[in-house]
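Residue numbers (my numbering): 104 to 672.
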Amino acid sequence: MRLSAFPLNTLRETPSDAEVVSHQLMLRAGMIRRLASGLYNWMPLGFRVLKKVEHIVREEMERAGALELLMPAVQPSELWQESGRWAEYGPELLRMKDRHQREFCFGPTHEEVITDIVRKELSSYRQLPVNYFQIQTKFRDEIRPRFGVMRAREFLMKDAYSFHLDEESLREGYRIMRNAYVRIFDRLGLEYRPVSADSGAIGGSVSEEFHVLADSGEDAIAFSDGDGYAANIELAEALPPSSARPAAQQKLAEIETPGIRSIAELTAFLSVEAEQCVKTLLVEGDESALVALVLRGDHELNPLKAEKLDGVAVPLRMADAGQIGDALGCEPGFIGPVGLSCPVYADHSALALADFVCGANRADCHLTGVNWERDADLPLAADLRNVVEGDPSPSGQGNLHIARGIEVGHIFQLGTKYSAAMDCAVLDENGRSIHPFMGCYGIGVSRIVAAAIEQNHDDKGIIWPQPIAPFEVVLVPINWTKSQRVRDAAGKLYTELRERGMDVLLDDRDLRPGVKFADAELIGIPHRIVIGDRGLDAGKFEYRYRRSEENEDIAVDEVFEKLGAASAG
RNA sequence: CGGGGCAUGGCGCAGUCUGGUAGCGCAUCUGCUUUGGGAGCAGAGGGUCGGCGGUUCGAAUCCGUCUGCCCCGACCA
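Dropping the structure here:
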């Protein structure tokens with residue numbers, strides 16, 4: 104591509120409403136333009152990247168034996184009524200009516216449609232297993248779209264659905280998809296991790312997410328330094344402390360703590376460690392009005408774990424100040440486990456404390472020297488907290504570390520939820536009708552583009568991994584308009600590189616070199632070759648790798664070798 | 001949905017408090033000079049100041065209303 108024929112609208116200034124670096128750089132590089140909240144135009148430069156990601160995903164899906172098809176983005180409500188999700192799915196589902204007042208939705212996912220296809224098309228176990236996939240625009244009406252295409256409402260997704268005669272076949276199909284995902288993310292050139300994940304309301308037993316590691320990631324993941332254990336922090340189990348609870352030493356005392364509501368304020372006020380304090384959260388119960396959850400002061404509640412406790416309402420709802428006032432006669436900020444009449448769960452770590460500090464269930468008062476059994480009834484023990492850096496791994500090997508990740512893929516063993524609800528059946532070898540076991544496998548194609556930038560950028564701009572770079576190499580001729588030799592040399596190199604199948608960008612604009620360098624760095628082209636009279640005198644081009652700080656003079660006939668070697672590495 | 005904020009040329013902003021008919025930087029266009037890290041000079045184009053209504057001799061500015069967008073809220077015990 105000649106840049107003189109490619110409108111490249113780069114911005115020197117950062118648009119004010121872009122918060123994360125990928126969003127800023129995608130706007131500055133002219134890859135995307137916002138159309139409305141959560142809706143983006145993919146400009147030619149950005150679309151090239153999107154297509155490259157899509158291409159790798161498609162190739163590996165096909166290699167794994169999946170069959171590509173295309174389902175409508177708009178789906179009739181009837182199918183969603185059948186699965187029960189028309190009612191279950193909240194306002195994230197964009198619903199609409201056609202001119203005959205029939206209800207439709209813009210598909211956020213396609214389990215219903217694919218199940219409908221399979222029940223109509225397949226009738227024998229001989230046709231299983233099968234895996235269908237599509238790469239298609241999805242819409243989810245996010246509460247708060249943000250971070251550009253990272254959390255957009257409309258986005259490009261690869262979704263695949265497999266159908267199996269039995270669970271063993273499902274596990275095999277899942278394993279094949281998992282391997283395909285590993286190949287995909289390897290090929291994309293990203294640092295990533297597959298982690299165990301919550302299968303949530305969708306059901307099924309096994310589910311893994313693929314995360315691109317980046318400090319700005321919205322998810323926290325925990326992984327062990329002792330073995331391959333890795334899990335979303337939502338799921339990572341916190342093991343109970345190995346040491347027994349120490350004996351009580353202090354007496355119970357009530358102290359005045361006017362206006363001291365948070366653990367941070369309490370530790371400053373009393374000069375105690377957060378680890379010696381306990382916080383008591385009240386959540387709504389499904390039978391009793393409220394349920395108390397007790398955590399060590401330095402720990403965070405894991406809402407997913409709390410939701411799974413008997414007696415806790417789903418979804419988890421924190422009690423508000425009014426409910427707390429009615430039940431305890433005090434405000435939030437002064438709650439403690441002593442003398443509570445509602446069901447109480449305590450995290451293992453909180454339960455292992457002696458002589459701890461907690462709220463007194465009276466305004467502006469806390470208790471010190473509190474001990475379980477002596478002062479407060481022994482609560483039910485549970486794992487309630489998020490794991491923290493250094494916790495022992497639940498795998499029994501090593502300690503946990505916490506990293507941040509961007510979820511770019513999610514694979515599930517679904518089971519028969521949809522095939523049963525929608526009565527999708529085939530005959531098995533005994534002539535009996537069975538509901539196939541299903542797996543589903545998603546990849547956020549457009550999100551991968553943003554995630555790649557989050558992981559690969561510097562203060563000058565994007566640094567594309569070569570497999571998804573919009574162009575692999577940029578040629579920067581110096582003094583293009585005036586120097587015939589530069590034009591000849593650059594033109595020749597451009598043609599030769601293209602003949603070798605490379606994506607080449609020739610910056611033939613009549614601009615000063617500084618502008619061209621800055622643009623090339625901003626849009627993140629991995630390889631740069633500068634062609635100038637100065638170098639041509641010596642029979643050399645100047646080569647620079649995007650990640651490098653230094654130039655390298657290479658002989659004219661070394662270019663192909665250089666780029667070949669660089670692309671291989 | 002609740003709280004806060006913003007809306008002025010393609011982008012980033014000033015002007016609003018204190019009403020007098022719109023300005024700066026970047027970008028764009030023309031000419032000349034310049035050509036190894038976002039050039040210089042000279043000139044030019046582009047804005048119903050988000051919409052509607054009101055107050056006023058006069059509104060970007062004051063009042064009301066609507067719309068759009070952004071941020072925070074889901075860990076407070």
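Think of the CB as a built atom: it goes at the ideal place given N, C-alpha and C, for glycine as much as any other residue.
For residue 145, the enclosing beta strand (DSSP E) covers residues 142 to 145. Listed in chain order, the alpha helix (DSSP H) elements of length 4 or more contained wholly in the stretch 416 to 477 are 424 to 431, 451 to 454.
Under DSSP, residue 607 forms a beta bridge with 576. Bridge partners of residue 192 according to DSSP: none are assigned. For residue 217, the uninterrupted alpha helix (DSSP H) segment begins and ends at 214 to 224. The count of Cβ pairs closer than 8 Å, one atom from the stretch 491 to 507 and one from the stretch 466 to 478, stays below three, leaving the stretches out of contact. For residue 488, the beta-bridge partners assigned by DSSP are 404. Residue 227 counts as exposed, since fewer than 16 other C-beta atoms from the protein chains shown sit within 10 angstroms of its C-beta.
By the criterion of at least three beta-carbon pairs nearer than 8 Å, the stretch 535 to 548 is not in contact with the stretch 566 to 583.
In this structure residue 204 is exposed. Its beta-carbon is surrounded by fewer than 16 other beta-carbon atoms within 10 angstroms. Using a Cβ distance threshold of 9 Å, residue 267 and residue 542 count as a contacting pair. Taking the C-beta atoms as reference points, residue 489 is found nearer than 9 Å to residue 403. The residues 180, 200, in chain order, have a CB closer than 6 Å to that of residue 206 in the same chain once the five nearest residues on each side in sequence are set aside. Assigned with DSSP and collapsed to three states, residue 250 falls in coil, not helix or strand. The stretch 285 to 304 and the stretch 581 to 591 do not touch, with fewer than 3 CB-CB distances between them shorter than 8 Å. In the three-state reduction of the DSSP assignment, residue 494 falls in the coil class. Cβ atoms of residue 433 and residue 383 stay farther apart than 8 Å, at about 11 Å.
In the same chain as residue 450, and ignoring 5 residues on each side of it, the C-beta atoms closer than 6 Å to its own belong to 398, 487, 488, in chain order. Contact check for residue 667 against residue 132 fails: the beta carbons are separated by 9 Å or more. Within its own chain, the residues whose Cβ lies closer than 6 Å to the Cβ of residue 551, once the five positions on either side in sequence are excluded, are 156, 511, listed in chain order.
Relative to residue 271, the option among 648, 517, 375, 344 whose CA is nearest is 517. At the C-beta level, residue 252 and residue 277 stay beyond 9 Å of one another. Taken through DSSP and simplified to helix, strand or coil, residue 125 comes out as helix.
Residue range 233 to 242 is occupied by the beta strand (DSSP E) that includes residue 238.
By the 16-neighbour rule on beta-carbons within 10 angstroms, residue 327 is buried.
Taking all protein chains in view, the Cβ of residue 624 is crowded by 16 or more other Cβ atoms within 10 Å, so the residue is classified as buried. Distance from the CA atom of residue 117 to the CA atom of residue 128, rounded to whole angstroms, is 8 Å. Boundaries of the alpha helix (DSSP H) around residue 184: 180 to 186. For residue 516, the uninterrupted beta strand (DSSP E) run begins and ends at 503 to 518, by DSSP. Going by DSSP, residue 545 is part of no alpha helix (DSSP H) but of the beta strand (DSSP E) stretching over 540 to 547.
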